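J.: These protein sequence lines map, in sequence, to chains C and U.
Numbers in my numbering are just positions in the first sequence, counted from 1, shifted up by 60.
Numbers in my numbering are just positions in the second sequence, counted from 1, shifted up by 593.
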Amino acid sequence: MYRKMLRIRKFEKTASVFFAEGKIPGFVHLYIGEEAIAVGACANLRDDDFITSTHRGHGHIVAKGGNLKYMMAELFGKETGYCKGKGGSMHIADAELGILGANGIVGAGHLIATGSAWSAQYRGTDQVSICFFGDASTNQSTFHEAMNLASLWKLPVIFVCENNLYGISVSQARHQNIKDISQRAIGYGMPALSADGNDVLTVYEQVGEAVSRARAGEGPTLLEFKTYRQHGHFEGDPGAYRPKEEVEAWLQKDPLPRFESHLLGSGILTEEELEAVRSEVDEEIREALEFADASPYPTPESSVQDIYSDLIEEARIR
Amino acid sequence: MKKITYGEGIREALREKMLENKNVVLLGEDVGPYGGTFGVTKGLWEQFGEERVRDTPISEGVIVGASVGAAATGLRPVAELMFIDFLTFGMDGLVNQAAKMRYMFGGKISVPLVLRLPAGGGISAGAQHSGSLEAWVTHVPGLKVVYPSNAADAWGLMLTAIDDDNPVVYIESKVLYSQKSEVPERMTKVLFGSAAIAREGADVSIVTYGKQVHDALKAAAALAKDGIEAEVIDLRSLYPLDKETIFGSVTKTHRALVVTEEVKRGGYGGELSALISEQCFDELDAPVVRIGALDSPVPYSQVLESLVLPSVADIVKGVKEMF
Chain C
61 MYRKMLRIRK FEKTASVFFA EGKIPGFVHL YIGEEAIAVG ACANLRDDDF ITSTHRGHGH
121 IVAKGGNLKY MMAELFGKET GYCKGKGGSM HIADAELGIL GANGIVGAGH LIATGSAWSA
181 QYRGTDQVSI CFFGDASTNQ STFHEAMNLA SLWKLPVIFV CENNLYGISV SQARHQNIKD
241 ISQRAIGYGM PALSADGNDV LTVYEQVGEA VSRARAGEGP TLLEFKTYRQ HGHFEGDPGA
301 YRPKEEVEAW LQKDPLPRFE SHLLGSGILT EEELEAVRSE VDEEIREALE FADASPYPTP
361 ESSVQDIYSD LIEEARIR
Chain U
594 MKKITYGEGI REALREKMLE NKNVVLLGED VGPYGGTFGV TKGLWEQFGE ERVRDTPISE
654 GVIVGASVGA AATGLRPVAE LMFIDFLTFG MDGLVNQAAK MRYMFGGKIS VPLVLRLPAG
714 GGISAGAQHS GSLEAWVTHV PGLKVVYPSN AADAWGLMLT AIDDDNPVVY IESKVLYSQK
774 SEVPERMTKV LFGSAAIARE GADVSIVTYG KQVHDALKAA AALAKDGIEA EVIDLRSLYP
834 LDKETIFGSV TKTHRALVVT EEVKRGGYGG ELSALISEQC FDELDAPVVR IGALDSPVPY
894 SQVLESLVLP SVADIVKGVK EMF
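(1) What residues in the stretch 340-367 of chain C have a beta carbon less than 8 angstroms from any beta carbon of chain U?
(2) What does residue 622/U touch in chain C if you count any residue whose Cβ is under 7 angstroms from its own?
(3) Report the residues of the stretch 652-664 of chain U with a CB closer than 8 angstroms to any CB of chain C, ordered along the chain.
(4) State the beta-bridge partners of residue 672/U as determined by DSSP.
(5) Take residue 687/U as the anchor and find which of 735/U, 647/U, 642/U has the nearest alpha-carbon.
(6) Pick from 905/U, 828/U, 767/U: whose alpha carbon is nearest that of residue 713/U?
(7) Which residues of the stretch 608-621 of chain U have a Cβ closer than 7 angstroms to any Cβ of chain C? Give them in chain order.
(8) According to DSSP, what are the bridge partners of residue 219/C?
(9) With a cut-off of 8 angstroms, does the C-beta of residue 649/U fall near any C-beta of chain C?
(10) Any idea what DSSP makes of residue 649/U, helix, strand or coil?
(11) Taking residue 652/U as the reference, which of 268/C, 209/C, 246/C, 186/C has the closest Cα?
(12) For residue 696/U, which residues in chain C fall below 7 angstroms Cβ to Cβ?
(13) Nearest-angstrom Cα distance between residue 286/C and residue 259/C?
(14) Any residues in the stretch 227-254 of chain C with a beta carbon nearer than 9 angstroms to a beta carbon of chain U? Which ones, in chain order?
(15) With a threshold of 16 other CB atoms inside 10 Å of the CB of residue 311/C, please say whether the residue is buried or exposed.
(16) Is the stretch 264-272 of chain C close to the stretch 213-228 of chain C, with three or more CB pairs under 8 angstroms?
(17) Apart from the five residues just before and just after residue 810/U, which ones in its own chain have a Cβ nearer than 7 angstroms to its Cβ?
(18) Quick check: the Cα distance between residue 630/U and residue 348/C, rounded to an integer number of angstroms?
(19) Quick test of the definition: if touching needs 3 or more C-beta pairs under 8 angstroms, does the stretch 188-205 of chain C touch the stretch 147-157 of chain C?
(20) With a threshold of 8 angstroms between beta carbons, is residue 872/U in contact with chain C?
(21) List the whole-angstrom C-beta distance separating residue 46/C from residue 253/C, where the pair is believed to meet the contact cut-off of C-beta under 8 angstroms.
(22) Roughly how many angstroms lie between the CA atoms of residue 213/C and residue 279/C, to the nearest whole one?
(23) Between residue 11/C and the rest of its own chain, which residues show a CB-CB distance below 7 angstroms, the 5 nearest in sequence each way excluded?
(24) Using 8 angstroms as the threshold, is the C-beta distance between residue 637/U and residue 620/U below it?
(25) Does residue 695/U pass the burial test, meaning 16 or more other C-beta atoms within 10 Å, or should it be called exposed?
(26) Does the stretch 671-689 of chain U come close enough to the stretch 700-711 of chain U to have 3 or more Cβ pairs within less than 8 angstroms?
(27) On the DSSP bridge list, what partners appear for residue 826/U?
(28) Give the DSSP-derived three-state secondary structure of residue 726/U in the structure shown.
(29) Quick one: is residue 237/C buried, meaning 16 or more other Cβ sit within 10 Å of its Cβ, or exposed?
(30) Suppose the cutoff is 8 angstroms on Cβ atoms and the five residues either side in sequence are ignored; what does the same chain contact list for residue 314/C look like?
(31) If the criterion is Cβ atoms closer than 8 angstroms, does the pair residue 596/U and residue 775/U meet it?
(32) Please check if any C-beta of chain C sits within less than 8 angstroms of the C-beta of residue 920/U.
(33) Roughly how many angstroms separate the alpha carbons of residue 324/C and residue 623/U, rounded to a whole number?
(34) Using three-state DSSP, classify residue 110/C as helix, strand or coil.
(35) Within its chain, find whatever has a CB closer than 7 angstroms to the CB of residue 840/U; leave out the 5 residues flanking it on each side and keep chain order.
(36) Rank 175/C, 309/C, 344/C by C-alpha distance to the C-alpha of residue 66/C and give the top, closest one.
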């Protein structure tokens, strides 16, 4: 879990640098500060379980086992990227790992995860789906429609809310009249709780219980994990809407040093071992960068490919 | 040849595919014991059970969105919305998710979903239950769109739709549900992108689909009395579009009239008209004529409704003005 958290942190730091340098175009929403949630949650999953992600998706994809090279190449808009350069940061998916896509639409994943859970239930497998989403997406109708159906049909889906306290620039207090998002489960007869999202072990444990219940056919759970994004909503957003003291206070709760202290304090890893993991991850990131940099850009023809499973004459380049 | 209704055509195709493939499942509002708002799924719940014919809450967002998730992970859902107008609630699932997933994800995820949408006016259902919104969906790369006009096509297009690995929007004309027409003893698929020539003629091509095919045939019969032989083209699938048949017909007749039930402004009829004008300009002896509904929501009163929606007389008049 530590290695995965570090992989996310370093991948994101690198993306931040290359975005600033203009090597990565478009929008990039980084997961820095929220690593404990994706990693703690996905540590309970198998490759054939499903996740849906958000526009802040890199962390979920790494946590579910995504390939750093293909991710970096996708951010660079290269042909070797996960989506052949047609998806970008907000649209990475990997069907083989059950990653049903990062998503640029706030709240879309609730419904898709409900559908993948229904599919698993119908096909009689014990696959579960985790739907990652932010606090602000619980104001969308999709959240409520999904919660109702998942609860009604007892679907094996775990709704994991990453409450980073802001919907873009609007604080939670200004976008909803409740403090804990887990309260919303009451209206759907669904078990729920709120917990510390910067402690990977707490996340691991709570999601673990929900996954066991889902696999056993006992239905969905809503889990809210409180966390904080250390960067702005997107790269380039200075985040001036957040009080300095608040940012400072949350930096003190950074999930990575916390987990490091725990690993050292409980004698699970030594400082040398941690350092070894750090340099291994550095090497992985370097390789991913090299791969992305050396990869070719997509061909013009590919801009109209993969729209349909079969060829339709319509799509052609002018 | 036997005769069955348009609704039965859809149902028999659903039954056939459900018998063939366990991963074909139905969902929607009242599709279970009730048999669907227009009775299309009658008997399927009894035959296939609760797990395969699922009544959902009145919640179009989740009907479409969950179908996308299910389709991406191994099922072949056929979802019904009660009226095409309610697609407004399911639009994100269809347009931003289903249609774009394959492309955004580099061709690695398929969404074999069929979305059934009863459309059109003519039953005094008022503005929120009488929509013709085919332009919205044909506008979106990643979707296929079909619109049958008779029982055999309804059956054959549904067989193709369920087997298709792409999201298919299957639009149904609700005034045709109870209309009977002939179907062969053994039904086969109707391939997408294959228009039918519903009536041959040498003087003008009437390009249309759905309920308006019947209006066009009536108009053609009236025109024949005045010595004008109209060829009526039933598109059957709006995307992919059988341009070859359209252009071939126009090359023969040198005149084209497009009739659709949607509001003319920004409609699919405009697209068809532009295509013919672009591709067959040298063949045309007159500008392409478009017939559609008036620029208005569909009114309730029968008097007003029949005024707003295109009529057989409108088609006859439109054709005559081309000569």
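Don't be surprised by glycine CBs; every beta carbon is placed ideally from N, CA and C.
All figures in this text were calculated on a predicted structure; none of them were measured in a lab.
T.: Taking the structure as given:
(1) If the cut-off is 8 angstroms between Cβ atoms, the stretch 340-367 of chain C has 365, 366, 367 near chain U.
(2) Counted from its first residue, the second sequence places residue 622/U at position 29. Ordered by position in chain C, no residue passes the 7 angstroms Cβ test against residue 622/U, which lies about 12 angstroms from the chain.
(3) Contacts with chain C (Cβ-Cβ distance below 8 angstroms) from the stretch 652-664 of chain U involve 652, 654, 655, 657, 658, 659, 660, 661, 662, 663, 664, listed in chain order.
(4) Here residue 672/U refers to the residue found at position 79 of the second sequence. DSSP, once it has assigned bridges, lists 620/U, 708/U as partnering residue 672/U.
(5) Working through the second sequence from its first residue, we reach residue 687/U at position 94. Scanning 735/U, 647/U, 642/U for the CA closest to the CA of residue 687/U turns up 735/U.
(6) Against the second sequence, residue 713/U aligns to sequence position 120. Ranking 905/U, 828/U, 767/U by Cα distance to residue 713/U puts 767/U first.
(7) If the cut-off is 7 angstroms between Cβ atoms, the stretch 608-621 of chain U has 618 near chain C.
(8) Numbered from 1 along the first sequence, position 159 holds the residue referred to as residue 219/C. Paired residues: 191/C, 282/C.
(9) Residue numbering aside, residue 649/U sits at position 56 when the second sequence is read from its first letter. At least one chain C Cβ lies under 8 angstroms of residue 649/U.
(10) Taking the first residue of the second sequence as position 1, residue 649/U is located at position 56. Residue 649/U: coil per DSSP, three-state reduction.
(11) Locating residue 652/U in the second sequence gives position 59, counting from the first residue. Minimum Cα distance to residue 652/U is reached at 209/C.
(12) Locating residue 696/U in the second sequence gives position 103, counting from the first residue. Within chain C, the residues near residue 696/U are 146, 366, 367.
(13) On the first sequence, residue 286/C is found 226 positions in, with the first residue counted as 1. On the first sequence, residue 259/C is found 199 positions in, with the first residue counted as 1. If you take the alpha carbons of residue 286/C and residue 259/C, they lie about 10 angstroms apart.
(14) Residues passing the 9 angstroms Cβ filter: none.
(15) Residue 311/C sits at position 251 when you count from the first residue of the first sequence. Exposed.
(16) In short, these stretches touch, since the Cβ pair count reaches three.
(17) The count along the second sequence starts at 1 and reaches residue 810/U at position 217. If you ignore the 5 residues before and after residue 810/U, its C-beta comes within less than 7 angstroms of the C-beta of 791, 792, 825, all in its own chain and listed in chain order.
(18) For this step, residue 630/U is matched to residue 37 along the second sequence. For this step, residue 348/C is matched to residue 288 along the first sequence. Roughly 54 angstroms between the two C-alpha positions.
(19) Result no; under three Cβ-Cβ pairs closer than 8 angstroms.
(20) For the purposes of this step, residue 872/U is taken as residue 279 along the second sequence, with counting starting at 1. Interface criterion not met: the Cβ of residue 872/U is under 8 angstroms from no Cβ in chain C.
(21) This structure cannot settle anything about residue 46/C, because the visible part of chain C is limited to 61 through 378.
(22) On the first sequence, position 153 is the one that residue 213/C refers to. On the first sequence, position 219 is the one that residue 279/C refers to. Whole-angstrom Cα-Cα distance: 8 angstroms.
(23) Because residue 11/C is not part of the residues shown, which for chain C are 61 to 378, the question remains open.
(24) For this step, residue 637/U is matched to residue 44 along the second sequence. For this step, residue 620/U is matched to residue 27 along the second sequence. Taking 8 angstroms as the Cβ cut-off, residue 637/U and residue 620/U do not qualify as a contacting pair.
(25) Here residue 695/U corresponds to residue number 102 of the second sequence, with the count starting at 1. Buried, since its Cβ has 16 or more Cβ neighbours within 10 Å.
(26) By the C-beta criterion, the stretch 671-689 of chain U is judged to be in contact with the stretch 700-711 of chain U, since at least 3 inter-stretch pairs fall below 8 angstroms.
(27) One-based indexing of the second sequence puts residue 826/U at position 233. In DSSP, residue 826/U forms a bridge with 790/U, 800/U.
(28) To locate residue 726/U, count along the second sequence from 1; it is residue 133. For residue 726/U, the secondary structure class from DSSP, reduced to helix, strand or coil, is coil.
(29) Here the question's residue 237/C lines up with position 177 in the first sequence. It counts as exposed.
(30) Within the first sequence, the letter at position 254 stands for residue 314/C. In its chain, beyond the 5 residues on either side, 93, 258, 290 have a beta carbon closer than 8 angstroms to the beta carbon of residue 314/C.
(31) If you number the second sequence from 1, residue 596/U lands on position 3. If you number the second sequence from 1, residue 775/U lands on position 182. Yes.
(32) Only positions 594 to 916 of chain U appear in this structure, which leaves residue 920/U out of reach.
(33) In the first sequence, the residue the question calls residue 324/C occupies position 264. In the second sequence, the residue the question calls residue 623/U occupies position 30. Looking at the two C-alpha atoms, the distance is approximately 59 angstroms.
(34) In the first sequence, the residue the question calls residue 110/C occupies position 50. In the structure shown, residue 110/C sits in a strand (DSSP, three-state: E or B).
(35) Your numbering for residue 840/U matches position 247 in the second sequence. Within the same chain, residue 840/U has close Cβ partners 872, 873.
(36) As a position in the first sequence, residue 66/C is number 6, starting the count at 1. Answer by Cα proximity: 344/C.
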